[in-house]
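Just so we're aligned, residue 85 is where the sequence shown starts under our numbering, counting upward by one.
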Amino acid sequence: QLDMNEIERLPEAWINQPFDGVLSNFGAVNCVANRRALAAALARIIRPGGRVVLVMMSPICPWEIAWHLARGKPREAVRRLRSGAQVRVGDDVSLPVWYPSPSRLAREFMVNFRKITTIGIGALLPPPYLEPLVTRWPGPFEALARLEPHAARLFPLTWLNDHYLMILERT
């Protein structure tokens, strides 16, 4: 978990020569409880007009819900709906994870950033761990893959997926 106290002690050089942008991929920001504090810290090191690109795990992934319900695991099916849910990342390690909606994330950053766009990742396609479905029925999934670029920017498909990408601009 990201320690916000460490972010508050950023090297002075980072603040004096701001960055053009920051990228966080694979849901790392989902492990940050106080994303408003993160936004404030990022605003200190990103120049006005600079970008923040965040790839976040969505709060609702229909493929995941259906998969776990079909296997009789209702608790797993709705785990993303629980704030600060403990998620196993190894045999003996778990982390608290939050799943903010795109609108909530944009609100948490809005003091110093404006949202440019939100794009669904896997808007029509299943998460990578469901690859056996794609292998078993390639035809339908090839058709979905062709539609994916068009569907990824449409609400509610911008947040009903495994991940979403949000681009924010420093104001």
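Ideal Cβ positions, reconstructed from N, Cα and C, are used throughout, including at glycine. These numbers were taken from a predicted model, which means no experiment stands behind them.
Since isoleucine 205 sits in a beta bridge, which residues does DSSP pair it with? Numbered from 1 along the sequence shown, position 121 holds the residue referred to as residue 205. According to DSSP, isoleucine 205 shares a beta bridge with His247.
Going by beta-carbon coordinates alone, are valine 106 and valine 136 separated by less than 8 Å? The residue labelled residue 106 in the question sits at position 22 within the sequence shown. The residue labelled residue 136 in the question sits at position 52 within the sequence shown. For valine 106 and valine 136, yes; Cβs fall inside 8 Å.
Excluding sequence positions up to five away, which residues of its chain have a Cβ less than 7 Å from the Cβ of asparagine 114? The residue given as residue 114 occupies position 30 in the sequence shown. Result list for asparagine 114: Met140, Met141, Val181, Trp182 and Tyr183, in chain order.
Reduced DSSP secondary structure (H/G/I, E/B, other) of proline 102: Translated into positions along the sequence shown, residue 102 becomes position 18. Coil at proline 102, not helix or strand.
Grab the span of the alpha helix (DSSP H) containing valine 137 for me, first residue to last. The residue labelled residue 137 in the question sits at position 53 within the sequence shown. Run containing valine 137: none in the alpha helix (DSSP H); it sits in the beta strand (DSSP E), 130-141.
Going straight from the alpha carbon of isoleucine 200 to that of proline 186, what length do you get? Taking the sequence shown and counting its residues from 1, the one referred to as residue 200 is at position 116. Taking the sequence shown and counting its residues from 1, the one referred to as residue 186 is at position 102. The alpha-carbon atoms of isoleucine 200 and proline 186 are separated by roughly 12 Å.
Is tryptophan 221 buried or exposed, if buried means 16 or more other CB atoms sit within 10 Å of its CB? Taking the first residue of the sequence shown as 1, we reach residue 221 at position 137. It is exposed - the Cβ of tryptophan 221 has fewer than 16 other Cβ atoms within 10 Å.
Taking the straight line between their C-alpha atoms, what separation do you get for asparagine 118 and tyrosine 213? Position 34 of the sequence shown, counted from the start, is the residue given in the question as residue 118. Position 129 of the sequence shown, counted from the start, is the residue given in the question as residue 213. Rounded to the nearest angstrom, the two C-alpha atoms are 29 Å apart.
Alpha-carbon spacing of aspartate 175 relative to leucine 217, whole angstroms: In the sequence shown, the residue the question calls residue 175 occupies position 91. In the sequence shown, the residue the question calls residue 217 occupies position 133. Looking at the backbone, the Cα of aspartate 175 and that of leucine 217 are separated by about 26 Å.
I need the straight-line Cα distance from alanine 219 to alanine 227, nearest angstrom please. As a position in the sequence shown, residue 219 is number 135, starting the count at 1. As a position in the sequence shown, residue 227 is number 143, starting the count at 1. Per the sequence shown, the amino acid found at residue 219 is threonine instead of alanine. Note on geometry: alpha-carbon atoms of threonine 219 and alanine 227 lie some 14 Å from one another.
What residue from Gly223, Arg188 and Ser178 has the CA that sits closest to tryptophan 243's CA? By one-based count along the sequence shown, residue 243 stands at place 159. For tryptophan 243, the nearest C-alpha among the options comes from Arg188.
CB-CB length for leucine 252 against arginine 198, believed under 8 Å: What you label residue 252 is simply residue 168 of the sequence shown in a count that begins at 1. What you label residue 198 is simply residue 114 of the sequence shown in a count that begins at 1. Yes, leucine 252 and arginine 198 are in contact; Cβ-Cβ is about 7 Å, under 8 Å.
Going by alpha carbons, who is nearest to histidine 247 out of Asn109, Phe103, Gln101 and Ala229? Sequence index remark: in the sequence shown, residue 247 carries index 163 (1-based). Nearest of Asn109, Phe103, Gln101 and Ala229 to histidine 247, Cα basis: Asn109.
My assumption, with CB atoms under 8 Å, is that aspartate 104 sits in contact with arginine 128. Please give the rounded CB distance. Against the sequence shown, residue 104 aligns to sequence position 20. Against the sequence shown, residue 128 aligns to sequence position 44. The Cβ separation is near 15 Å, so there is no contact.
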